[in-house]
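Novice: So that we are looking at the same thing, I have put the structure below in structure tokens.
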Amino acid sequence: MTAFPEFEVVPAVDMQDGEVVQLVQGERGTEKTYGDPVEAAREWVDRGAETLHLVDLDGAFDGERANADAVERIREAVDVSVQLGGGIRTADDAIGLLDRGVDRVILGTAAVENPEIVAEISAAYPGSVTVSLDAKDGEVVVSGWTEGTGLDPAEAAARYEDLGAGAILFTDVDVEGRLAGVQTDRVRAVVEAVEIPVVASGGVATLDDVAALRDAGAAAVVVGTALYEGEFTLEAANSI
3 MTAFPEFEVV PAVDMQDGEV VQLVQGERGT EKTYGDPVEA AREWVDRGAE
53 TLHLVDLDGA FDGERANADA VERIREAVDV SVQLGGGIRT ADDAIGLLDR
103 GVDRVILGTA AVENPEIVAE ISAAYPGSVT VSLDAKDGEV VVSGWTEGTG
153 LDPAEAAARY EDLGAGAILF TDVDVEGRLA GVQTDRVRAV VEAVEIPVVA
203 SGGVATLDDV AALRDAGAAA VVVGTALYEG EFTLEAANSI
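The opening position of the sequence shown corresponds to residue 3 in my numbering, with each subsequent residue numbered one higher.
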């Protein structure tokens, strides 16, 4: 099944040390906490979320998933589509999560280091892999946004589509978490490079930003800080 047949605004539930947090530009030490992940997940679903974007930030930074219990509790608490990233490093890890009811796995570092992992997982669960391409200064970065790869996001997206990726998650690290607005030209370049859905993330501060990303061709937009800080409501974003 194609991810995001209609445009969606997807709330982010980023977890660190068992709590919901939002980081500025992905940097540890900048986090602001927002309480229990299960409560946050329930609230977003009650407000109309059809998909939740879960990230194990400890896993993203350390390479080992550290918020698995919270993820399991969220899966049991809500009945919507769930996509999960952070610390998924092997095909077995990913397939195990999909076996247990996660709808889509998000691969960043693992996909860059071993592109064939996308094909391996996709063979077992077609369309289940979302490849996360996080870009800083126009270059894909990995390992919690700390290491450059030399890869162009649009070129990388096309390569992962060929390997069976079901979607691309494009995060503009330069504006992530700053409530400073979006850079639609970067999103549009990735959208134009592939036929699969592109999910945009980073910099959303207003409803106009959501609309701009939709108009740039994004199939969905992941929103974190703006929703948690009350810059706009999920209900308003979904009515655009």
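A virtual CB, placed ideally from N, CA and C, is assigned to each residue, including glycine.
Can you list, in chain order, the residues of its chain whose CB lies under 8 Å from that of I90, leaving out five sequence neighbours each side?
Specialist: Taking the first residue of the sequence shown as position 1, residue 90 is located at position 88. Excluding positions up to five away in sequence, the list reads G61, R67, A96, L99, V107, I108, L109 and A112.
Novice: Can you tell which of I76, D217 and G88 has the C-alpha that lies nearest to the C-alpha of G103?
Specialist: For the purposes of this step, residue 103 is taken as the residue at position 101 of the sequence shown. Ranking the options by Cα distance to G103, first place goes to I76.
Novice: List in chain order: all unbroken beta strand (DSSP E) runs of 3+ residues lying wholly within the stretch 154 to 228.
Specialist: The stretch 154 to 228 contains these whole beta strand (DSSP E) runs: 169 to 174, 200 to 203 and 222 to 225.
Novice: Could you give the distance in angstroms between the alpha-carbon of S130 and the alpha-carbon of K34?
Specialist: Numbered from 1 along the sequence shown, position 128 holds the residue referred to as residue 130. Numbered from 1 along the sequence shown, position 32 holds the residue referred to as residue 34. Looking at the two C-alpha atoms, the distance is approximately 31 Å.
Novice: Taking DSSP's pairing of strands, which residues face I97 in a bridge?
Specialist: Start at 1 with the first residue of the sequence shown, and residue 97 comes out as number 95. Beta-bridge pairing links I97 to no other residue.
Novice: Using the C-alpha atoms, what's the distance from A126 back to G204?
Specialist: Your numbering for residue 204 matches position 202 in the sequence shown. Your numbering for residue 126 matches position 124 in the sequence shown. Taking the straight line from one Cα to the other gives about 31 Å.
Novice: For R161 and I119, I'd like the C-alpha separation in whole angstroms.
Specialist: What you label residue 161 is simply residue 159 of the sequence shown in a count that begins at 1. What you label residue 119 is simply residue 117 of the sequence shown in a count that begins at 1. So the alpha carbons of these two residues sit roughly 13 Å apart.
Novice: Does any residue of chain B have a CB that is nearer than 8 Å to the CB of R67?
Specialist: Here chain B cannot be found, since the structure has a single protein chain.
Novice: Could you spell out the range, first to last residue, of the alpha helix (DSSP H) harbouring T111?
Specialist: Taking the sequence shown and counting its residues from 1, one reaches residue 111 at position 109. Taken as a continuous stretch (DSSP letters only), the alpha helix (DSSP H) holding T111 covers T111 to E115.
Novice: Is it the case that the Cβ atoms of A169 and V189 are separated by a distance below 8 Å?
Specialist: Walking along the sequence shown from the start, residue 169 turns up at place 167. Walking along the sequence shown from the start, residue 189 turns up at place 187. No. Outside cutoff.
Novice: Terminal residues of the continuous alpha helix (DSSP H) containing D48?
Specialist: Here residue 48 is taken as the residue at index 46 of the sequence shown, counted from 1. Per DSSP, D48 belongs to the alpha helix (DSSP H) from P39 to D48.
Novice: Based on the DSSP secondary-structure assignment, which residues constitute the bridge partners of D58?
Specialist: Taking the sequence shown and counting its residues from 1, one reaches residue 58 at position 56. BP columns for D58 point to M17.
Novice: Indicate the three-state DSSP secondary structure (helix, strand or coil) for S134 in the structure shown.
Specialist: For this step, residue 134 is matched to residue 132 along the sequence shown. In this structure, S134 counts as strand in the three-state DSSP scheme.
Novice: I'd like the list of long-range same chain contacts for A222, defined as Cβ closer than 6 Å, with 5 residues on each side in sequence excluded.
Specialist: Here residue 222 is taken as the residue at index 220 of the sequence shown, counted from 1. Taken in chain order, the residues that qualify are F6, E10, V12 and V201.
Novice: Helix, strand or coil for R75? Go by DSSP, reduced to three states.
Specialist: Along the sequence shown, read from residue 1 onward, the residue named residue 75 stands at position 73. Helix.
Novice: Rounded to a whole number of angstroms, what is the C-alpha to C-alpha distance between A195 and L165?
Specialist: The residue you call residue 195 lines up with position 193 of the sequence shown. The residue you call residue 165 lines up with position 163 of the sequence shown. Those two C-alpha atoms are separated by around 14 Å.
Novice: Excluding the five sequence neighbours on either side, which residues of its own chain have a C-beta within less than 8 Å of the C-beta of G50, listed in chain order?
Specialist: Indexing the sequence shown from 1 puts residue 50 at position 48. Closer than 8 Å at the Cβ level, and outside the excluded window around G50, lie L236, E237 and N240.
Novice: Closest to T132 by C-alpha separation, out of A158, G152, D139 and E149, would be which residue?
Specialist: Position 130 of the sequence shown, counted from the start, is the residue given in the question as residue 132. Residue A158 is the option with its Cα nearest to T132.
Novice: S241 lies in the beta strand (DSSP E); which residues open and close that run?
Specialist: Along the sequence shown, one-based indexing puts residue 241 at 239. No beta strand (DSSP E) holds S241; DSSP gives it neither H nor E.
Novice: If you draw a straight line from the alpha carbon of V206 to that of L135, how long is it in whole angstroms?
Specialist: As a first step, residue 206 must be located in the sequence shown, where it is residue number 204. As a first step, residue 135 must be located in the sequence shown, where it is residue number 133. Cα to Cα, V206 sits roughly 17 Å from L135.
Novice: Quick one: Cα of E231 to Cα of P117, how far?
Specialist: Your numbering for residue 231 matches position 229 in the sequence shown. Your numbering for residue 117 matches position 115 in the sequence shown. Distance between the alpha carbons of E231 and P117: 36 Å.
Novice: Do P39 and A93 have their C-beta atoms within less than 8 Å of each other?
Specialist: Indexing the sequence shown from 1 puts residue 39 at position 37. Indexing the sequence shown from 1 puts residue 93 at position 91. Cβ atoms of P39 and A93: not closer than 8 Å.
Novice: Indicate the three-state DSSP secondary structure (helix, strand or coil) for I90 in the structure shown.
Specialist: Reading the sequence shown from its first residue, position 88 is the one you call residue 90. In the structure shown, I90 sits in coil (DSSP, three-state: anything other than H, G, I, E or B).
Novice: Buried or exposed: I198, going by 16 or more other Cβ atoms within 10 Å of its Cβ?
Specialist: Reading the sequence shown from its first residue, position 196 is the one you call residue 198. So I198 counts as buried.
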